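Protein sequence lines correspond, in order, to chains A and B. Position 248 of the first sequence, counted from 1, bears residue number 248 in our numbering, the numbering being contiguous throughout. Position 147 of the second sequence, counted from 1, bears residue number 429 in our numbering, the numbering being contiguous throughout. By construction, the Cβ of each residue, glycine as well, lies at the ideal position given by its N, Cα and C atoms. Predicted model only: the values in this text are computed from it and were never measured.
2 protein chains.
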Amino acid sequence: MKTETTIQGLAASLNPARAARKIIGFVPTMGNLHEGHLNLVREARKLCDIVVVSIFVNPIQFGPNEDFDNYPRTLEQDQRLLADVGCDIVFAPTVEQMYGSKPRLTNISVSDITNDLCGLQRPGHFDGVAVVVTKLFNIVQPNYAFFGQKDYQQLAVIRQFVRDLNIPLEVIGVPITRAEDGLALSSRNGYLSAENRAAAPAIYKNLKAAEQALLSGDALPKVLEDMKSALTGAGFVVDYVEARTTELQKVEQFNEDLVLFVAAKLGATRLIDNLQVKYTAS
Amino acid sequence: MKTETTIQGLAASLNPARAARKIIGFVPTMGNLHEGHLNLVREARKLCDIVVVSIFVNPIQFGPNEDFDNYPRTLEQDQRLLADVGCDIVFAPTVEQMYGSKPRLTNISVSDITNDLCGLQRPGHFDGVAVVVTKLFNIVQPNYAFFGQKDYQQLAVIRQFVRDLNIPLEVIGVPITRAEDGLALSSRNGYLSAENRAAAPAIYKNLKAAEQALLSGDALPKVLEDMKSALTGAGFVVDYVEARTTELQKVEQFNEDLVLFVAAKLGATRLIDNLQVKYTAS
Chain A
1 MKTETTIQGL AASLNPARAA RKIIGFVPTM GNLHEGHLNL VREARKLCDI VVVSIFVNPI
61 QFGPNEDFDN YPRTLEQDQR LLADVGCDIV FAPTVEQMYG SKPRLTNISV SDITNDLCGL
121 QRPGHFDGVA VVVTKLFNIV QPNYAFFGQK DYQQLAVIRQ FVRDLNIPLE VIGVPITRAE
181 DGLALSSRNG YLSAENRAAA PAIYKNLKAA EQALLSGDAL PKVLEDMKSA LTGAGFVVDY
241 VEARTTELQK VEQFNEDLVL FVAAKLGATR LIDNLQVKYT AS
Chain B
283 MKTETTIQGL AASLNPARAA RKIIGFVPTM GNLHEGHLNL VREARKLCDI VVVSIFVNPI
343 QFGPNEDFDN YPRTLEQDQR LLADVGCDIV FAPTVEQMYG SKPRLTNISV SDITNDLCGL
403 QRPGHFDGVA VVVTKLFNIV QPNYAFFGQK DYQQLAVIRQ FVRDLNIPLE VIGVPITRAE
463 DGLALSSRNG YLSAENRAAA PAIYKNLKAA EQALLSGDAL PKVLEDMKSA LTGAGFVVDY
523 VEARTTELQK VEQFNEDLVL FVAAKLGATR LIDNLQVKYT AS
């Protein structure tokens, strides 16, 4: 496994593969990798000849009061984990390498679906994601790019601008990796106290209960309300409990496939999770 | 020369060239071609193995009161002209082919330099250009893309987002093609009455006079004021006479390379022109 820190170095590493028409898979990350990220790499490994993983903590997707400076940077540990799952090239550029010294004037925005859910409290966050992912796509030029369904809204935003801008690659969404007790893996789980860690699986348990309620005919608004009450009762401070179509459009009732979304705090730690619920006309 | 009207058809035409690592040159146009466009194709012909010209009247760069519906569409004539200058592939998609049936949610904006000069009176125009050019770049995936310096602001906007988004191609600016009497070629020249056509070369004459005045030490504000007066005296309704750096930043005096810009109306016809003036420290 090679690590490249410059765009030029990465191009030199990838050009022989490109010339030989190898299939290139790409997994963009901000590092601090856990089993969820590694499953993205394993998925890429299955489909592709060459697997590139980027590790870049992207300043422009952090708000002024967010934790850019303190975001965990664990490159050596990440490199060991990536080597073990068969990554070929780690791309770990500096901020200077990605954004240069001249001011960036270009922005990419995806309307409607970024001013919702997690975007409501993070203005500009998804613009920053769209810009950096587009840059990385243009730098790596992969055939496939892999993203976790854990950040479902991010995945939907990326699918949208890839389609709208005809970016020549296929986006693959990979199912959420969960702990034995159902908690969706996240770098943030490490911040939970033992007590909160024990309470956290209630999110997934309630998502599954909501799915059952919908499938047995309960009305969507009631199901969402019940889930909110249950989580509040279990000690969560609920940010949102919402349902959307798979393309993040608002939805009033359960008459097509939809996605249930939860964002809730336990102590200072904000957890997110989601569950896709299939609709079958009866 | 082939004409392709679908993205899939174009891909099928280009894939063998791509597999053989041929150099692909791309000239995006809205058709209604004149000698200025053909010089872009000739330039592409010199540098590239395969030359692709797109002809697409892009609805999203027209304002609500602009002439999208009446924009001249002259595909057969354009095809003959392009065959004569050695174009390999014409890409002439429908609006449906380019924008699909689902709503486009993604926008690309380039701040500052699009809210100036021609952008002042055409809000959203350069966003529409940025989106369609990015789409076309992703569809054609050229090594080189050719744009006329006549639309200098458009060229600067394209250079900016190509750099900001790491789009993997080189943008080539091609000098303005002029009639014998100096008038910059434009589809719009055909709308001029005989009398206005005779008056129109005053724009270029005044740009050259302004260059001389700057080189002989006259102050920039005075030179711009004089040019404005001269054009108004010659029967033009001046929209703007401005100077900017080559990257479109505002400039107060002549102490670096700059570009002089004119937009002015003769009758109902709005003409634009520009001239780059080299600075040499004395």
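Taking 7 Å as the CB threshold, A/N58 stays off the interface with chain B.
Pairing A/V52 with A/V41 gives a Cβ-Cβ distance that is not under 7 Å.
The CB of B/I421 comes closer than 7 Å to the CB of N166 in chain A, given here in chain order. Annotated three-state conformation of A/P221 is helix, per DSSP. Straight across, the Cα-Cα distance linking A/N138 with B/A476 is about 49 Å. Annotation: A/A213 to A/D116 spans about 25 Å, alpha carbon to alpha carbon. Among the CB atoms of chain B, none fall inside 7 Å of the CB of A/N65. With contacts defined as CB atoms closer than 7 Å, A/G36 and A/L185 qualify as a contacting pair. Those residues of the region 104–127 of chain A placed with their C-beta closer than 7 Å to a C-beta in chain B are R104, L105, T106, N107, I108, S109, V110, S111, D112, I113, ordered along the chain. The three-state secondary structure of A/N107, taken from DSSP, is strand.
Annotated three-state conformation of B/Y486 is helix, per DSSP. In the DSSP assignment, A/V51 falls within the beta strand (DSSP E) that extends over 50–55.
By the CB criterion at 7 Å, B/D360 and B/I337 fall inside the cutoff. Where B/T551 is concerned, the enclosing beta strand (DSSP E) starts and stops at 551–559. At a cut-off of 7 Å between C-beta atoms, B/F373 does not count as an interface residue with respect to chain A. Contacts between B/Q442 and chain A, judged by CB atoms closer than 8 Å, involve L105, T106 in chain order.
Contact of B/R355 with chain A by beta-carbon distance below 8 Å is absent, the smallest such distance being about 23 Å. Between A/Y144 and A/V259, the beta carbon gap of about 22 Å keeps them out of contact (Cβ cut-off 8 Å). Neighbours of B/K417 in chain A, taken as residues whose beta carbon is under 7 Å from its own, are L165, N166 in chain order.
For the pair A/V238 and A/L231, the CB atoms are nearer than the 7 Å cut-off. B/I306 is bridged by DSSP to B/I332. Straight through space, the alpha carbons of B/N389 and B/F543 are spaced by roughly 27 Å. Listed along chain B are A301, each with a C-beta nearer than 7 Å to that of A/R21. Residue state for A/T3 is assigned as strand, using DSSP reduced to three classes.
A Cβ-Cβ separation of about 5 Å places B/A326 in contact with B/F428 under the 8 Å criterion.
Around the C-beta of A/R80, fewer than 16 other C-beta atoms lie within 10 Å, and the residue is accordingly described as exposed.
In terms of Cβ geometry, A/I24 and A/P142 form a close pair [threshold 7 Å].
For A/Q253, the number of other beta carbons within 10 angstroms of its own is below 16, and it is reported as exposed. The continuous beta strand (DSSP E) containing B/F429 extends over residues 426–430. DSSP, read as helix, strand or coil, puts A/E35 in helix.
In this structure, A/L165 lies near B/T416, with their beta-carbon atoms less than 7 Å apart. Annotated three-state conformation of A/T134 is helix, per DSSP.
Around A/Y71, the same chain offers V57 as residues with beta carbons nearer than 6 Å, after the five sequence neighbours per side are excluded.
Where B/F443 is concerned, the enclosing alpha helix (DSSP H) starts and stops at 434–446. Judged by beta-carbon spacing, B/T285 lies within the 7 Å limit of B/A374, meaning their Cβ atoms are closer than that value.
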